[in-house]
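Below is one structure, written out as structure tokens; comments come after it.
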Amino acid sequence: MVYIVGAGPGAEDLITVRGFKLLQQADLVIYAGSLVNPSLLKETKEGCRILNSAKMTLEEVMEEIKHGEENGLTTVRLHTGDPCLYGAIREQMDHMDSMQIPYEICPGVSSFCGAAAALEMEYTLPGISQSVIITRMEGRTAVPERERIRKLAAHKATMVIFLSAGMLKELEEELLSGGYNKDTPAAIVYKATWPEEKLFRCKLGELSETGRQERISKTALIIVGDTAAQKGYERSKLYHPQFETGFRNKKD
1 MVYIVGAGPG AEDLITVRGF KLLQQADLVI YAGSLVNPSL LKETKEGCRI
51 LNSAKMTLEE VMEEIKHGEE NGLTTVRLHT GDPCLYGAIR EQMDHMDSMQ
101 IPYEICPGVS SFCGAAAALE MEYTLPGISQ SVIITRMEGR TAVPERERIR
151 KLAAHKATMV IFLSAGMLKE LEEELLSGGY NKDTPAAIVY KATWPEEKLF
201 RCKLGELSET GRQERISKTA LIIVGDTAAQ KGYERSKLYH PQFETGFRNK
251 KD
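Mapping to the numbering used here: the sequence shown position 137 is 137, numbers consecutive.
If you want it as structure tokens, here you go:
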């Protein structure tokens, strides 16, 4: 059996209870390189074989999974954050389907959740933004034309941008071209929830310069939008005394 497990954003205690138990039971762990906190690997049982997929191709990973299945091993494919975001798991599942290898997915805490916690912010503030756009700059992996940063920026919703810390100048230009103004609140969160986590708040027009000064070029999330200021929002209707729900009547 193969378990695709989300390891969480970095802090070793932010893996789910289910994921932690699966990790402890594993005979083979294939983990996603430096993205996964290596401290988690100490929780594996004696004799567990551990492989770093950063040094492997997809075909090599699948060969190890196939070998493990043939030998009756429990395999954990350990991905950073939640594997549904930029985890390249669909191609792995397709390979396992073709080899009739059973698998399950154990979700994890994404780094965009860890970044919000670090910034003490709510992405969806009433009256400010009720949508979160999770995206990335185009790099070696192409982005569909309709999903280019400048087109998404036209919505002026909260944006969380992955895999783009090495292109902050280009990112800033795309966001400004798309409709945000230079005074739009922004933040850079480096290694969210890791011990070396760093937070940098700035305005969008200062984004690339902030990254340059702080020497941020990888392993960081970029948050852009008016919610980053955490000000000027409307009170939530959910807990308002004049708002009736299935659990509570209006109060005078």
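The beta-carbon is built from N, C-alpha and C at its ideal position, and this holds for glycine as well.
Whole angstroms are fine: how far does the CA of residue j sit from the CA of residue i?
i	j	result
GLY114	VAL61	28 Å
VAL189	LEU221	5 Å
GLN24	ASP82	19 Å
THR44	PHE247	45 Å
ILE89	ILE134	18 Å
LEU22	CYS106	9 Å
ARG215	LYS198	11 Å
ALA116	ALA157	15 Å
MET93	THR227	36 Å
ILE149	SER217	19 Å
GLY47	GLY139	39 Å
GLY68	LYS42	20 Å
ASP252	CYS84	45 Å
GLU147	ASN249	43 Å
GLY232	PHE20	40 Å
Determine the contact status of residue i and residue j, defining contact as a CB-CB distance below 8 Å.
i	j	result
LEU40	ILE4	no
ILE128	VAL224	no
GLU91	LEU58	yes
THR184	LEU171	no
ALA142	ALA192	no
ILE65	LEU51	no
THR219	ALA165	yes
SER34	ALA54	yes
PRO144	GLU234	no
THR75	ALA26	yes
Could you give the C-beta distance for residue i and residue j, rounded to a whole number, given that I count them as a contact under 8 Å?
i	j	result
SER111	LEU168	In fact, because the Cβ distance is near 17 Å, the residues do not count as touching under 8 Å.
ALA32	LEU73	The Cβ separation is near 19 Å, so there is no contact.
GLN230	MET121	5 Å
MET96	VAL2	6 Å
Report all residues from its chain with a CB closer than 6 Å to the CB of residue i; omit the five preceding and five following residues, and keep chain order.
i	result
THR124	GLN130
ASN37	GLY10 and GLU12
ALA153	LEU175, GLY178, GLY179 and TYR180
ARG49	LEU28
PRO241	LYS251
TRP194	GLY10
PHE243	LYS237
From this set, the options, which residue's C-alpha is nearest residue i's C-alpha?
i	options	result
GLY108	GLY33, LEU51, GLU12 and ASN181	GLU12
HIS155	GLU138, LEU175, VAL76 and GLU170	LEU175
LYS151	LYS45, GLY139, GLY178 and ILE89	GLY178
GLU70	ARG235, PRO38, ASN249 and LEU28	LEU28
PHE200	GLY232, ALA187 and PRO144	ALA187
ILE101	GLU63, SER236, CYS84 and GLU147	GLU63
GLU206	ARG49, GLU173 and PHE243	GLU173
CYS202	ARG49, CYS84, LYS182 and TRP194	LYS182
MET159	VAL132, HIS240 and PRO195	VAL132
Within a Cβ cutoff of 8 Å, which residues of the same chain sit near residue i, ignoring the five residues on either side of it in sequence?
i	result
THR245	LEU238
TYR86	ARG136, PHE162 and LEU163
GLU196	TYR190
SER236	PRO126
Tell me which residues share the same chain as residue i and place their Cβ nearer than 7 Å to its Cβ, disregarding the 5 neighbours each side in the sequence.
i	result
MET99	LYS66
MET56	none
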